[in-house]
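Down below is the structure, laid out as structure tokens.
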Amino acid sequence: ETGVTQTPRHLVMGMTNKKSLKCEQHLGHNAMYWYKQSAKKPLELMFVYNFKEQTENNSVPSRFSPECPNSSHLFLHLHTLQPEDSALYLCASSQDSGNVGEQFFGPGTRLTVL
Amino acid sequence: GQNIDQPTEMTATEGAIVQINCTYQTSGFNGLFWYQQHAGEAPTFLSYNVLDGLEEKGRFSSFLSRSKGYSYLLLKELQMKDSASYLCAGGAGGYNKLIFGAGTRLAVHP
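Protein sequences, first through last, are from chains A and B.
So for the first sequence, this note's numbering puts the first residue at 1; every next one is plus one.
So for the second sequence, this note's numbering puts the first residue at 115; every next one is plus one.
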């Protein structure tokens with residue numbers, strides 16, 4: 001148990017659907033992250049939130065829309081996705097993003113876009 | 115630019131020692147992380163080096179040479195459960211931003 005949970009664990013959606021991924025951390029951290037992990041590719045940082053404020057958007061297409069209502073919860077809203085967006089989406093948290101430190105990862109959501 | 119290179123796959127025998135190398139080029143480098151990821155699971159933290167030298171933690175050790183842009187993860191007394199992907203990640207920038215390599219998939223055989 002890493003203290004970071006993600007739901008759903010698996011998601012299949014069509015290109016016209018709208019869905020949301022949820023992440024919750026129970027570690028009292030102040031920074032949360034979204035990563036994309038495609039087969040045989042490096043983990044790609046998508047977004048960083050520190051104390052609920054977005055501090056990094058790594059040139060992510062607007063069809064991915066993050067939301068961070070508080071330091072414990074992070075959402076990724078999905079709409080009009082493409083098949084190449086199929087991947088494992090990982091959430092992580094750390095004490096804060098202003099200092100280098102260990103990031104704790106959730107188990108991920110395996111997304112398939114048809 | 116930002117670049118992390120590590121071998122794609124390695125195999126080793128149970129009980130042996132294996133060294134997984136990583137070379138990096140990151141701007142604003144502020145440390146080198148190693149994570150372990152079993153298939154279908156979350157990456158888990160193994161080690162962090164910010165200064166040159168060897169950090170030992172049980173069966174796992176990690177080494178860093180900042181002048182050479184080089185790190186390695188050393189796994190001793192290999193066990194079957196060590197079969198996993200090992201991710202090298204460089205800290206980049208003035209905050210906790212990690213640039214990951216593609217990972218090294220290690221297979222441990224009896």
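C-beta atoms are modelled at their ideal positions from N, C-alpha and C, and glycine is treated no differently.
Just so you know, these numbers come straight off a predicted model, no measurement behind them.
Closer than 8 Å, CB to CB, is residue i near chain B or not?
i	result
alanine 87 of chain A	no
lysine 41 of chain A	yes
asparagine 99 of chain A	yes
serine 93 of chain A	no
May I have the straight-line CA-CA distance separating residue i from residue j, to the nearest angstrom?
i	j	result
serine 65 of chain A	asparagine 17 of chain A	14 Å
serine 86 of chain A	leucine 43 of chain A	14 Å
aspartate 196 of chain B	glycine 167 of chain B	24 Å
glycine 215 of chain B	asparagine 117 of chain B	8 Å
proline 224 of chain B	leucine 192 of chain B	10 Å
glutamine 145 of chain A	cysteine 136 of chain B	The structure shown does not extend to residue 145 of chain A, since chain A spans only 1 to 114, so no value can be given for it.
histidine 152 of chain B	proline 69 of chain A	31 Å
Determine, using beta carbons only, whether residue i comes closer than 8 Å to chain A.
i	result
asparagine 144 of chain B	yes
methionine 195 of chain B	As written in the sequence, residue 195 of chain B is lysine, which differs from the methionine given in the question. No - not a single Cβ of chain A is within 8 Å of the one on lysine 195 of chain B.
phenylalanine 174 of chain B	no
proline 157 of chain B	yes
alanine 198 of chain B	no
glycine 204 of chain B	no
leucine 187 of chain B	no
leucine 201 of chain B	yes
For residue i, return the contacting residues in chain A, with the cut-off set at a CB-CB distance below 8 Å.
i	result
isoleucine 118 of chain B	Pro42
lysine 211 of chain B	Leu45, Val48, Glu56 and Ser97
With a cut-off of 8 Å on the beta carbons, I'd call residue i and residue j a contact; round off their distance for me.
i	j	result
phenylalanine 75 of chain A	serine 20 of chain A	5 Å
glutamine 25 of chain A	valine 48 of chain A	14 Å between Cβ atoms; not a contact.
serine 181 of chain B	cysteine 202 of chain B	With 8 Å as the limit, serine 181 of chain B and cysteine 202 of chain B do not qualify as a contact, their Cβ atoms being about 17 Å apart.
Return helix, strand or coil for residue i, following the three-state DSSP convention.
i	result
proline 83 of chain A	helix
lysine 195 of chain B	helix
valine 100 of chain A	coil
Using a Cβ cut-off of 9 Å, pull out every chain A residue sitting near residue i, in sequence order please.
i	result
tyrosine 162 of chain B	Val100, Gly101 and Glu102
What residues from chain A crowd round residue i, counting only those whose CB sits closer than 7 Å?
i	result
phenylalanine 214 of chain B	Pro42 and Leu43
If the cut is a Cβ gap below 7 Å, which residues of chain B does residue i touch?
i	result
glycine 106 of chain A	Ala156
Counting only Cβ pairs nearer than 8 Å, list the residues of chain B close to residue i.
i	result
leucine 90 of chain A	Ala156 and Pro157
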